[in-house]
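Residue numbers (my numbering): -16 to 152. Note that CB positions come from ideal geometry on N, CA and C, so glycine has one too. First comes the structure, then the notes that go with it.
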């Protein structure tokens, strides 16, 4: 398909842009959204952060027929995860942490680290948050890229029975 033929670099850039949109959307307080969108829109932001970027990047890249899991695809997940983690740190420091259902945005991490009121955030708490995010991004993005490449490359096809009248599924 012509739509799925992009370079390695462009695939990474598109994945990072999708992640950044989801991460910026996660800064919005969920109570801002009316009715049923109170649940749907934050879930959409989570999909944009964690599911769509690695699948989108791996699906859109071109590869030769023989190339299924070359070294560049083994490194694609960790590479996108590292770039997305850098964007996450910058967004957290400048804009704030992502919110869960019943939280209110308390401001940028840089301001919260030096605050002395209820919105204070310790450096250890922020470090643990970023470490948890890093582990999740690296593991999930690697698995998502590999599964997408395997599913798109014909890995899930098999032929049965192994005799005369073969049927490929």
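Count the other C-beta atoms from every protein chain shown that fall within 10 angstroms of the C-beta of residue i, then say buried if there are 16 or more, exposed otherwise.
i: residue 19; result: exposed
i: residue 126; result: exposed
i: residue 17; result: exposed
i: residue 105; result: exposed
i: residue 67; result: buried
i: residue 107; result: exposed
i: residue -8; result: exposed
i: residue 122; result: exposed
i: residue 30; result: exposed
i: residue -15; result: Per-residue confidence for residue -15 stands at a pLDDT of 44, beneath the threshold of 50, marking its modelled position as unreliable; the derived number appears in the next sentence. Exposed, because fewer than 16 other Cβ atoms sit within 10 Å of the Cβ of residue -15.
i: residue 55; result: exposed
i: residue 6; result: buried
Which residue marks the beginning of the alpha helix (DSSP H) containing residue i, and which one marks its end?
i: residue -1; result: -9 to 8
For residue i, does the three-state DSSP call read helix, strand or coil?
i: residue -15; result: With a pLDDT of 44 at residue -15, under the threshold of 50, the predicted position of this residue should be treated as unreliable, and no value is reported.
i: residue 16; result: coil
i: residue 11; result: coil
Just checking: is the beta-carbon of residue i within a distance shorter than 7 Å of some beta-carbon in chain C?
i: residue -5; result: No chain C appears in this structure, which consists of one protein chain only.
Alpha helix (DSSP H) runs wholly inside the segment 25 to 112, at least 4 long, in chain order = 35 to 43, 54 to 77 and 92 to 96
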